[in-house]
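In my numbering, the protein residues as written are 390 to 620. Beta carbons are placed, not taken as given, at the ideal position from N, Cα and C, and that holds for glycine. The structure displayed is predicted, hence computed values, not measured ones.
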């Protein structure tokens, strides 16, 4: 087995603000990120009554790839948000209302997530096969997915996104580049844990990986952009 493949069906709008975006200008990624999937699996372990931190060494350096759905339509909108005021006072409000730019992605088709089975080994594959059916959202809370199946592939087809530095020269002509975050080589559970006092650093604990996806932009306007998968 080369890759363990989990298939999910989107059941709501997907949104995962790109890590480079500001809180008031939240452009979404077209797919989840490696970081988001790994943290979601750890969250699933915790919610199942297990010590999710023990999963961190297994997934930290695990290669993850995505096959985006056949079609994606990204809608642009402004929503009401609340943020901390720039000038705080003891008697003032903790948060003030404002507006923020957001994008939401409507999928047609299924999302497939691939995990490198050779890195996992048999015990790791068995562990992920227990957790993957319990994973039901990726990205912003409310971005729900329904688990469909688990399978395997010896080689990933061109419909899967790949990092730009993997040496392959046969990228589809129509390609969209997305910068997806992942765990860095020096990442530790203590630093990536949201409930820890330690602060993760960009470039050390969290790194950006440029990924190429076989999407072609076929239509766009002020309010939306439509993408079709070319492979």
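Straight through space, the alpha carbons of residue 584 and residue 441 are spaced by roughly 13 angstroms.
Sequence-distant partners of residue 589 (beyond 5 residues in either direction) whose C-beta falls short of 6 angstroms from its own C-beta, in its chain, are 580, 581 and 595. Beta bridge pairing from DSSP links residue 600 with 552 and 567. Between residue 494 and residue 617, the CB-CB gap reaches or exceeds 8 angstroms. The residue from 392, 586, 541 and 463 with its alpha-carbon nearest to that of residue 613 is 463. In this structure, the CA atom of residue 482 is about 8 angstroms from the CA atom of residue 474.
Cβ contact annotation for residue 545 (same chain, cutoff 7 angstroms, sequence separation greater than five): 392, 454 and 503, in chain order.
Residue 407 and residue 423 have their alpha carbons spaced roughly 12 angstroms apart.
Residue 607 counts as exposed, since fewer than 16 other beta carbons sit within 10 angstroms of its beta carbon. In the DSSP assignment, residue 469 falls within the unbroken beta strand (DSSP E) covering 460-472. The closest CA to that of residue 458, considering only 597, 452 and 396, is found on 396. Counting every other CB atom within 10 Å of its CB across the protein chains shown gives residue 540 a total below 16, marking it as exposed.
Counting the other Cβ atoms within 10 Å of the Cβ of residue 417 gives 16 or more, which makes it buried. Contact between the segment 464-473 and the segment 547-561 is absent: fewer than three C-beta pairs spanning the two stretches fall below 8 angstroms.
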